[in-house]
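Chemist: Reminder that position 28 of the sequence shown reads as 28 in this note's numbering, one-by-one numbering, no gaps. Handing you this structure, nothing more for now.
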Amino acid sequence: MTLPPDAETLIRRATETPGAVSYMDLYLDPTFQKDYAQAAEGTYPKLSEAQEEQLRRLSLVSLSHTSRCLPYDHIGAALGLAQDALTIEQLVLDAMDLGMLHGRLDGVNHVFHVSTTSGRDVLRLPEGEAAMSSLYAALSTWKDDAAQVLQSLDKEIQQVSQTTDASMRQSEARHQALVDALQGARRLLGLEASTDEEASMPAPWTTRRGKCSRI
C-alpha cells in the first residue's frame with residue numbers, strides 16, 4: 001500500500017479502537033478508495049494484536065446478525081479461534097463490555113444467546129443492495145403488522161365505549177320507569193307526588209367520593 005504515513009497512522013488507530021463498529025468515513029475518503037482499489041494481495045501491512053482483537057469483535061457482531069443463538073463451535077469456526085470455551089466466552093464478554101452487542105452466555109450448553117447487537121456499515125453492491133432490500137421488506141412487514149394492531153385496538157375501544165353507553169341508557173331507562181311507576185301509584189291512591197321524595201331517588205349513576213359508581 002502507498003498511503004502517506006499520516007493516513008496509515010489514522011487507519012491503524014481507527015481499526016485498533018475497541019468497540020468501534022463504523023468505518024464508512026474511511027471508505028468514503030477518495031485517497032483511501034483509490035489506494036484500496038489499486039492494492040494487491042500481499043501488500044497490506046501486518047495487523048497488530050489490537051487490530052486482530054478488534055477484527056474478531058467486529059466479526060462477532062456481524063455473526064450475531066445471522067442468528068439469535070450462536071453455538072460456541074460456530075463462533076470459533078467463523079472467527080478462526082481454537083474450540084476453547086474460555087477463549088470464546090472472553091471474546092464475547094469483551095464485546096459486551098464495549099457495548100458492541102448484548103446477550104447471555106450459556107456455559108452449560110455452550111451457546112451465546114443474542115439480545116441486541118450493533119449495526120454495521122452498509123455492504124457494497126450487490127450484497128449491500130440485497131441487505132437493504134431485505135431490511136425494507138422487514139420494515140414494511142412491521143409497518144403492516146403495527147397498522148393491524150392499531151385497527152384491532154380501535155375496534156376494541158369502540159366496542160367498550162358502545163357497551164358502556166348502552167349500559168348507561170339501560171340504567172337511565174330503569175330509573176325513569178321506577179319514577180313513572182311511583183307517580184302512577186300515587187295517582188291511583190289519590191296522592192300528590194312529593195317533589196322532595198322523587199328528588200331523593202338515586203340516579204342510575206351517582207358520584208361517591210369522587211368516583212362514578214353504578215346503582
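By construction, the Cβ of each residue, glycine as well, lies at the ideal position given by its N, Cα and C atoms. Predicted model, so just to flag it, every value in this text is computed and none were measured.
On the three-state DSSP scale, how would you describe D165?
Modeler: Note: D165 maps to helix in three-state DSSP.
Chemist: How big is the Cα-Cα spacing for G107 and S167?
Modeler: G107 and S167: Cα-Cα distance of roughly 58 Å.
Chemist: Check whether the Cβ atoms of Y242 and A14 lie closer than 8 Å to each other.
Modeler: Nothing can be reported for residue 242: it is not among the residues displayed for the chain, which extend from 1 to 215.
Chemist: Helix, strand or coil for V21? Go by DSSP, reduced to three states.
Modeler: Three-state result, V21: coil.
Chemist: Taking C-beta to C-beta, are G103 and H110 nearer than 8 Å?
Modeler: Contact: no.
Chemist: Using a threshold of 8 Å, state whether the C-beta atoms of L91 and R120 are closer than that.
Modeler: Taking 8 Å as the Cβ cut-off, L91 and R120 do not qualify as a contacting pair.
Chemist: I need the straight-line Cα distance from W142 to L135, nearest angstrom please.
Modeler: Approximately 11 Å, taken between the alpha carbons.
Chemist: Tell me which residues share the same chain as L81 and place their Cβ nearer than 8 Å to its Cβ, disregarding the 5 neighbours each side in the sequence.
Modeler: Cβ neighbours of L81 beyond the five flanking positions: R56, I75, T87, I88, L91.
Chemist: May I ask which residues mark the beginning and end of the beta strand (DSSP E) holding V108?
Modeler: Here V108 belongs to no beta strand (DSSP E), and DSSP marks it neither H nor E.
Chemist: Would you mind reading off the limits of the alpha helix (DSSP H) that contains L60?
Modeler: Unbroken alpha helix (DSSP H) run through L60: 49–64.
Chemist: With 16 as the cutoff for other CB atoms within 10 Å, does A85 come out buried or exposed?
Modeler: It counts as exposed.
Chemist: For M100, collect the residues of the same chain with a Cβ closer than 7 Å to its Cβ; drop the 5 residues on either side in sequence, then sort them by chain order.
Modeler: G19, V21, R57, V61, S118.
Chemist: Skipping 5 residues on each side, what residues in its chain have a beta carbon closer than 6 Å to that of L182?
Modeler: Taken in chain order, the list of residues that qualify is empty.
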